[in-house]
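Here's the structure, in structure tokens; my notes come after.
Number of protein chains: 4
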Amino acid sequence: MIIVMKTGASQLQIDGIEKFLKEHGFGVHISVGTERTIIGAIGDERELAVSPLEVMSGVDKVMPVVETYKLASRNFKPETTVIKVKGQEIGSDKLAIMAGPCSVESPEQILDTALYLKSQGANFLRGGAYKPRTSPYAFQGLEEEGFRMLAQAGQEAGMPVISEVVSPVSLEQALKYVDIVQVGTRNMQNFHLLKEIGKLKIPVLLKRGLASTIEEWLNAAEHIMSGGNYNVMLCERGIRTFEVATRFTLDLSAVPLIKELSHLPVFVDPSHGTGKSKLVAPMSRAAIAAGADGLMIEVHPNPKEALSDGPQSLDFKAFNCLMDDITKIAGIVGKKIQI
Amino acid sequence: MIIVMKTGASQLQIDGIEKFLKEHGFGVHISVGTERTIIGAIGDERELAVSPLEVMSGVDKVMPVVETYKLASRNFKPETTVIKVKGQEIGSDKLAIMAGPCSVESPEQILDTALYLKSQGANFLRGGAYKPRTSPYAFQGLEEEGFRMLAQAGQEAGMPVISEVVSPVSLEQALKYVDIVQVGTRNMQNFHLLKEIGKLKIPVLLKRGLASTIEEWLNAAEHIMSGGNYNVMLCERGIRTFEVATRFTLDLSAVPLIKELSHLPVFVDPSHGTGKSKLVAPMSRAAIAAGADGLMIEVHPNPKEALSDGPQSLDFKAFNCLMDDITKIAGIVGKKIQI
Amino acid sequence: MIIVMKTGASQLQIDGIEKFLKEHGFGVHISVGTERTIIGAIGDERELAVSPLEVMSGVDKVMPVVETYKLASRNFKPETTVIKVKGQEIGSDKLAIMAGPCSVESPEQILDTALYLKSQGANFLRGGAYKPRTSPYAFQGLEEEGFRMLAQAGQEAGMPVISEVVSPVSLEQALKYVDIVQVGTRNMQNFHLLKEIGKLKIPVLLKRGLASTIEEWLNAAEHIMSGGNYNVMLCERGIRTFEVATRFTLDLSAVPLIKELSHLPVFVDPSHGTGKSKLVAPMSRAAIAAGADGLMIEVHPNPKEALSDGPQSLDFKAFNCLMDDITKIAGIVGKKIQI
Amino acid sequence: MIIVMKTGASQLQIDGIEKFLKEHGFGVHISVGTERTIIGAIGDERELAVSPLEVMSGVDKVMPVVETYKLASRNFKPETTVIKVKGQEIGSDKLAIMAGPCSVESPEQILDTALYLKSQGANFLRGGAYKPRTSPYAFQGLEEEGFRMLAQAGQEAGMPVISEVVSPVSLEQALKYVDIVQVGTRNMQNFHLLKEIGKLKIPVLLKRGLASTIEEWLNAAEHIMSGGNYNVMLCERGIRTFEVATRFTLDLSAVPLIKELSHLPVFVDPSHGTGKSKLVAPMSRAAIAAGADGLMIEVHPNPKEALSDGPQSLDFKAFNCLMDDITKIAGIVGKKIQI
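Chains as they are written, first to last, in my numbering: chain A, 5 to 343; chain B, 5 to 343; chain C, 5 to 343; chain D, 5 to 343.
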């Protein structure tokens, strides 16, 4: 941690900071610059987070030097994490393609979709049972009944299933039915929920908050991991910016950047990220080309009858074309579709 | 709701939309423009939210005409909402000044602060017991013990108390101790929590999500109100933008805008909104000048020893000066400090 | 254009709007809805831009129906624009790879770079002579001398050259030396400069403003095109968002979206877009996979001695690897490297 | 400047940085931390801006310690700058109220407005002659003719006048007619224009770029000041964020923050900042309460006939009410209206 003193800070103020740091067990290096004095604090700065050095007399700013997260960091664990779920791998050279409808609507809808997706090379089935919706008057999902239909379809199609949890109750239910739980963008900093998941071993896909920095996102992963659950995968799904032509702005540069900063697998969700079905295929190709470990894609047998998020869902035919392209690009970046 | 067809949409496509709308009980007006055909759907468009008109053949875009929220809207309830809590008013011509430390740390800290604040004209005591923190290694609050200390201090000082809830468990505890529950920025779209609060009658202060539009914010209020709890107040606390010189960007224009759109009381939190104690006083003055119904301000007896958010807390002396200015500005905008 | 009246607007107010529209030559359709009245104005709404309907009595909001740009729109010109420059094509199935140093520094630096790039398949040479820099104390470019060195190197290597112009003077100079002028992100809405370029026939690469919507960007192109210069190509170079881990957020979804909205060629600049040399290769692959017509990449023989933007420049070896991958991905999306 | 080395950087790499810094005349302090080594460079870091330390082997990040601007900084010049224009002061305890129409439309329109504004306490007349407009088909201003009408009206009303310049040609014309030139938001980083103004002595109002950080804004002022023109005033006019309910987000916290960082006068433009005439009065009150030195407000005798920006213009009556409130708030923050 580096403490930059104000121009003209007094020796008394500098001494005060030095004393404070030493009392907290830090080594101290002082550099007297041409305009300002800089104090380096040597020790584990994560332990100093509660001490508001910034309000101490004479201090201009405090600059952290190391990442605020640890278990999620590649500095801490250099080898890439691979998560295995019912024989499928996530994070290895095999791509994980998670697809399915935004919402589970009926046993037929989800099973038909599952069987089709499986035949096209998707290896995880997604489907929402609890749907966080901006308006209280919009369709909120089938809840436990939705989990059950999803699990049933996954079993018949031979695909592990993933679904979103939004509360302790939905988490408890989900554990009976799903193979991976998903934490959605609006709950990325629902720390209570993250801690509950941290106590378990179930794999979790943590979507990026729509206005979360990459550092906050990795800290959210740390909330789960610090509880003992290391089976965390991340999913970029678009951030909120000033641009209104797309629903969100898909931040694909997050993919190679996280690959440097962290050992966790990274997914991309081009359906929510763009909000437009026509952009899903090009952005899926781009995501794989950028190095993503997998995709999460909304597919619906009949998007115009979907109870949620129809405008961004692919129909079966469009998904078919997309998989063809993905398969080819995978080879170029050293990945493959797993059967 | 207005449906704009693509340039060159066929009569068949236009007929398809018309048929769909009529089947859903809407009246239909069709305008054939010079470049495009526009279809007006007449009826309650909130009921059409689940029907993805946007993916229907020939449709370019769908534009809603009315607000997506209803109970929170001033069109629905023109008179301003006034909430009464233990003899104090919120939303009337009397300002509600909520002040206190970011975190409750000890019985002495919170009581000393309460007595001082009361003597300066603050009429609500705030203090955090559950603290959502970016890092899992930062101080997370005293939990139920914190609620208890806060309630005790509020009782001794004669001030109603407010504290944040983050989960069903913390909500249940809070009901035993606090007069107003607060939903923080990171939980503004934790719809599960909002629904739980909607089932109660306890007043709730709903902070704006750090990347939430005003429309999403009013919809979050609607999630609570549609459950039957109309005692909702809103609090602007800074939005996330590209500017890094302040912690967030305090969006004060939200205050007069919400006064137009909604009948709910509006607060401003300049402490979190700026993250810098030096900016708290000028932005408090500005908030009252812009028409806010109240302020939420962090005050700590000794900010440099605070266990959280010290850099943005005022000390007692600074709070004193602030109240002097606020009192004068209140008079200019037709408000007063309540005793 | 659609005019949505306020809830409770009077017949008098509605009549006022109708009268106003008819006086301006518009057809009028009035739909009386359950909550509001909606008025459709039929005619060329671009002509109404100066008339502030929004302030007329009883009006809630005015919603445009057609794009605000015309010549840049694919609705206006469905076939994709192909620009030819000294035998090289831009916008066809052949990729345009523009590469070179951020700043031209010396005849040797730019010639060495040119010869290397040419040997690797780049077909346009870029190099800055006028450098818009945040600080007045940073290196500002070699100005006309830089143009001359660039032109010389381009001629020796057999590559057309492109360089940025920032003012009428630099534009006048550039015309003597370069094949394509570039308008940088900070001048995207320097309308005076755009109009000057509009009077010429020289091809122009228009970078997206760092906080410009896609609609504003296409309108900036319209400023050039409405003057008679149709040789416009667009270049996404990252937008400003809250994320600080990258210099900007590269908005790759702009590529397929603009391909739908406009007939103009689209480039991507992953060097400025990310600000980190390690992200340039993955984001270049992603850009081509998303359908870009070309790339603009900073390459420097020795990035750590570069006078500007070293941290985002590739060295020769890294560019070599990138071209290998790009060549393969091009094939998958129906493009090829031109020789 | 502080150089943070990567975890595991070698002694050779550290030695390399040390050597480089010493060769460039810097003193060097090395702190070996528990996880990383940190190198402090002692000297004028503004001179090192061109040297991309970030790409040197073993370097993780480079953190500047001092501001990148100098002449605009309050550290450099502690006393507040006061600019005098024809007997009116800007930056003193007297408020500068600049008002007038977005565009000059006719001699009568501008003169009527001037006389009215003068009678209400406004002391500067604004009016646009060159209008940067998103669409090339919108009204672009009366150009030199507009300057002439503005100057004439100012003279008759006894008010100094201010108008926007957008290019060298318009600047040259403006010098004949106006007392203060304005650089608009879209030209804040039109460095060529800034440099031309820097060569003169004419006072300049520099609006904040709609996506410019405060640091970039102060650097734009530095571009002017480093040429020798110190008569610079700043104007906050709203930044671009995700919120769409207002045209921009008025960042009022910039006012007290700049007062700390810089000695230059600060204005607020609530008309462009909000885009809604109803928000102009509350945000004007808030701006003065936050400590602004002046306001820039759009007033039009008949907003619904305005050729540009009608929706955000006040009519005469609304301006009258606003001045009443402003006058009262001014007293509370130690300012007054000048006659």
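Glycine residues also receive a C-beta, built at the ideal position from the N, C-alpha and C atoms.
Listed in chain order, the non-local C-beta contacts of Val-169(D) below 6 angstroms within the same chain comprise Leu-175, Ala-178 and Val-185, local neighbours out to five positions each way being set aside. Runs of the beta strand (DSSP E) lying entirely within the region 59-131 of chain C, each at least 3 residues long, are 63-67, 87-89, 92-94, 98-104 and 128-130 in chain order. For Lys-203(C), the closest C-alpha among the options Glu-219(C), Lys-180(C) and Ile-228(C) is that of Ile-228(C). Where Met-300(C) is concerned, the enclosing beta strand (DSSP E) starts and stops at 298-302.
Approximately 5 angstroms separates the beta-carbon atoms of Gly-188(A) and Lys-211(A); this is inside 8 angstroms, confirming the contact. Under the three-pair Cβ rule at 8 angstroms, the region 265-282 of chain C counts as touching the region 245-254 of chain C. The C-alpha of Asp-48(C) lies about 12 angstroms from the C-alpha of Leu-25(C).
Glu-226(C) is a Cβ neighbour of Tyr-73(C), given a cutoff of 8 angstroms. Annotated three-state conformation of Ser-14(A) is coil, per DSSP.
With a threshold of 8 angstroms between beta carbons, Val-63(A) makes no contact with chain D. Taking a beta-carbon distance threshold of 8 angstroms, Pro-274(D) does not count as an interface residue toward chain C. Ranked by Cα distance from Val-36(A), the first of Ala-285(A), Ile-18(A), Ala-45(A) and Ile-46(A) is Ile-18(A).
The beta-carbon of Ala-258(D) is placed no less than 8 angstroms from the nearest beta-carbon of chain C.
According to the DSSP secondary-structure assignment, His-33(B) is paired through a beta bridge with Gly-44(B).
For Pro-315(B), no Cβ of chain D is located within less than 8 angstroms of the residue's own Cβ. By the 16-neighbour rule on beta-carbons within 10 angstroms, Glu-27(A) is exposed.
If you compare the alpha carbons of Asp-116(C), Ile-6(C), Ile-42(C) and Phe-30(C) with that of Val-66(C), the shortest gap goes to Ile-6(C). Between the alpha carbons of Arg-289(D) and Lys-10(B) lies a distance of about 45 angstroms. For Glu-39(B), the C-beta contacts it makes with chain C under 7 angstroms involve Val-70, in order along the chain. A Cβ-Cβ contact shorter than 8 angstroms links Ile-46(C) with Phe-30(C). Within the same chain, and ignoring the five residues on either side of Lys-339(B) in sequence, the residues whose Cβ sits closer than 6 angstroms to its Cβ are Asp-97 and Leu-99. By the Cβ rule, the region 110-121 of chain B counts as touching the region 148-159 of chain B, because three or more pairs are nearer than 8 angstroms.
Beta-carbon to beta-carbon, Pro-164(B) and Phe-128(B) are separated by about 5 angstroms, close enough to satisfy the 8 angstroms threshold. Closest in alpha carbon position to Glu-148(D), among Gly-44(D), Lys-180(D), Gly-162(D) and Tyr-120(D), is Lys-180(D). For the pair Ile-94(C) and Asp-64(B), the Cα-to-Cα distance works out to about 29 angstroms. Each residue's CA atom was taken as its position, placing Lys-263(D) and Phe-80(D) some 13 angstroms apart. For Val-208(B), the pairing in a beta bridge is given by DSSP as Val-185(B) and Val-236(B). Here Phe-271(B) really is in contact with Leu-209(B); their C-beta atoms are around 7 angstroms apart, less than 8 angstroms. Chain-ordered, the chain D residues with CB closer than 8 angstroms to the CB of Glu-264(B) read Lys-282.
In this structure, DSSP gives Glu-168(C) an extended state, which the three-state scheme calls strand. Residues of the region 242-257 of chain B with a C-beta atom less than 7 angstroms from some C-beta of chain C are Arg-244, Thr-245, Phe-246 and Val-248, listed in chain order. The beta carbons of His-267(C) and Thr-38(C) sit about 41 angstroms from each other, so the pair does not count as a contact at 8 angstroms. For Met-60(B), the nearest CB of chain A lies under 8 angstroms from its own CB, placing it at the interface with that chain. Within its own chain, the residues whose Cβ lies closer than 8 angstroms to the Cβ of Ser-110(D), once the five positions on either side in sequence are excluded, are Met-153, listed in chain order.
Secondary structure at Val-248(A): coil, using DSSP grouped into helix, strand and coil.
Val-337(C) carries a coil assignment under DSSP once its states are collapsed to helix, strand and coil.
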